[in-house]
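First comes the structure, then the notes that go with it.
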Amino acid sequence: MAKTDYGPSIKDDEQYEALRREGASKEKAARIANSPRHRTGVRGGHAPPYEHWSKKALYQRAAELDISGRSTLDKEGLIHALRDH
Numbered sequence: 001m002a003k004t005d006y007g008p009s010i011k012d013d014e015q016y017e018a019l020r021r022e023g024a025s026k027e028k029a030a031r032i033a034n035s036p037r038h039r040t041g042v043r044g045g046h047a048p049p050y051e052h053w054s055k056k057a058l059y060q061r062a063a064e065l066d067i068s069g070r071s072t073l074d075k076e077g078l079i080h081a082l083r084d085h
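What follows is the structure in C-alpha cells.
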C-alpha cells in the first residue's frame with residue numbers, strides 16, 4: 001500500500017493516519033502528529049480543572065474554540081463540550 005503524503009502541513013504522516021483510523025478528528029490528529037515526539041506523552045499545563053472555573057470563563061473558552069450552541073449551555077454543559085472538543 002502506497003504511503004500518503006499529506007504535504008508540509010503534517011510532519012508525521014504515519015502517526016496522522018493511525019490517529020485518523022482510531023477516530024481522532026483531522027485537527028486533533030494533525031496537532032499530535034506535528035508535536036515533537038518527546039512532548040506527546042507529557043500531560044498538560046497547570047490550569048485548574050474546569051469545575052473550578054466560573055461559567056463566564058468557561059463560556060469565553062468555548063467562544064475561543066468556536067463551540068456551537070455554547071450560549072444555551074449551563075456550566076456542566078460547557079464543561080462537557082470543552083472536554084469533548
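Under full-length UniProt numbering, the first residue of the sequence shown carries the number 1, and numbering increases by one thereafter. Note that the Cβ used here is the ideal one computed from N, Cα and C, for glycine as well. Being a predicted model, the structure only gives us computed values, none of them experimental.
Alpha carbon to alpha carbon, how far is residue i from residue j?
i, j, result
"isoleucine 67", "proline 48", "20 Å"
"serine 54", "glutamate 14", "40 Å"
"lysine 75", "aspartate 84", "14 Å"
"lysine 26", "serine 35", "14 Å"
So, is residue i buried or exposed, given that buried needs 16 or more other C-beta atoms within 10 angstroms?
i, result
"leucine 78", "buried"
"alanine 57", "exposed"
"leucine 65", "exposed"
State yes or no: is the C-beta of residue i within less than 8 Å of the C-beta of residue j?
i, j, result
"isoleucine 10", "alanine 24", "no"
"alanine 30", "tyrosine 16", "yes"
Excluding the 5 residues preceding and the 5 following residue i in the sequence, name in chain order all residues of the same chain whose CB lies nearer than 8 Å to its CB.
i, result
"alanine 81", "Ala62, Ile67, Gly69, Arg70, Leu73"
"lysine 28", "Leu19"
Give me, in chain order, the residues of the same chain whose beta-carbon lies closer than 7 Å to that of residue i; leave out the 5 immediate sequence neighbours on both sides.
i, result
"tyrosine 59", "Arg70, Leu78"
"aspartate 12", "Ala33"
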